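Scroll down for the structure; my scribbles are underneath it.
In the working numbering, the protein residues as written are -1 to 119.
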């Protein structure tokens, strides 16, 4: 096996490890936040009811918890997309080949345009 292939395989392996670890961490973040919110809502429900001015405009603990969990899930989704983009930028086997082909195609197109431009003059 040659050195560039070994390097590419190591990068692929590291990228897979990073993605897998990130997924486990994000799943844990959502799970822990759900448990915390559930505990807070249960505690708030057991508290004695107190009349507050404009209480009808305030969120209930369950509504506030649901909004918070929605925020956490959106943040996790953004993090997953970011990780996917970063890993997609790594020079891996298929990505490197595709980049090389795209670069070659761009150079050929630029050369052809330059030749066509000279010929038109």
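Using N, Cα and C, we set each Cβ at its ideal position, and we do this for glycine too. The model shown is predicted, which means the values in this text are computed figures rather than measured ones.
Sequence-distant residues of its chain with Cβ nearer than 8 Å to residue i (five each side left out)
i	result
residue 81	16, 17, 20
residue 78	20, 21, 24
Short Cβ contact (8 Å threshold) for residue i with residue j
i	j	result
residue 63	residue 39	yes
residue 126	residue 42	There is no way to answer for residue 126, as the model of the chain reaches only from -1 to 119.
residue 57	residue 50	no
Three-state secondary structure (DSSP) of residue i
i	result
residue 6	helix
residue 49	coil
residue 58	coil
residue 0	coil
residue 24	helix
residue 12	helix
Cut-off 7 Å between Cβ atoms - residues of its own chain near residue i, not counting five sequence neighbours on either side
i	result
residue 71	28
residue 66	35
Beta-carbon contacts of residue i that lie in its chain and below 6 Å, excluding the five residues immediately before and after
i	result
residue 13	85, 88
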